[in-house]
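Input: a single structure, listed below in C-alpha cells.
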Amino acid sequence: MTTLYPSAEQVPSLWFPLAKKFYQAHYPSGKPNKADPIWVVRDKGGILTAVRLKPCSGAQLLTAMVTEPSHRNMGLGSHLISSIHPALSVMPSYCFALTHLVSFYSANHFTVVSVEMLPEELASRFSAYTAQGRNLTPMRYHRVEKS
1 MTTLYPSAEQ VPSLWFPLAK KFYQAHYPSG KPNKADPIWV VRDKGGILTA VRLKPCSGAQ
61 LLTAMVTEPS HRNMGLGSHL ISSIHPALSV MPSYCFALTH LVSFYSANHF TVVSVEMLPE
121 ELASRFSAYT AQGRNLTPMR YHRVEKS
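So the sequence shown is numbered by the UniProt record's numbering: it starts at 1 and just counts up by one.
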C-alpha cells in the first residue's frame, strides 16, 4: 500500500496531553490512559489517527481507534494498523469490532473468533460490553508474512 503518511509512532509520556486532547475532540469515550501504549500517525505536528493497545493477561486489546474526521476514508486506519504490525505481533492481539467495522478489520488481518476463544479477562470484558447493548464482534489479529 503506497501512502503519503508517515509511519505510526508510540506516544511518549510527554505527548500524552496531546493524545488526550485528540481523544477529547474526536472520541470522548476513548479516554486514554497513561499506562496503555497509544500509537498515532502525525502530520505537520497534528495527530491524524490514534489507537490504544490495552494489555490484558498476556494479550492486548486494540481499542479506541479514531481518525480525525477530515482524514477518514483515505486508508489512514489501515496504514496505522499496518504500521503497528510489530506491536500487534508480540502477543495475541484482539479487538471488539463494531458490527459495521468487521469488514474493515477483516481487511486488516483480523479474523472473527468465538467468545470462548478469548482470554478470560477479555471474554469477561466482551460480555460486559455486549450486556450494555453494544453490537460487537470479537476478532484476533493474524497477519501471515509474505515470503
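Ideal Cβ positions, reconstructed from N, Cα and C, are used throughout, including at glycine.
If you compare the alpha carbons of Arg143, Ser127 and Val144 with that of Leu136, the shortest gap goes to Ser127. Residue range Gly46 to Cys56 is occupied by the beta strand (DSSP E) that includes Arg52.
Within the same chain, Cβ atoms closer than 8 Å to the Cβ of Pro6 are found at Val41, Arg42 and Asp43, the five residues on either side in sequence being excluded.
Distances from the CA of Lys34 to each of Tyr27, Lys21, Gly45 and Ser13 were compared; the closest alpha carbon is that of Ser13. Counting other Cβ atoms within 10 Å of its Cβ, Ser29 stays below 16 and is therefore classed as exposed. Here the C-alpha atom of Met91 lies approximately 31 Å from the C-alpha atom of Pro69. The alpha-carbon separation between Asn73 and Arg125 amounts to approximately 29 Å. In this structure, the alpha-carbon of Gly58 lies about 11 Å from that of Glu120. Tyr94 and Ile81 have their alpha carbons spaced roughly 12 Å apart.
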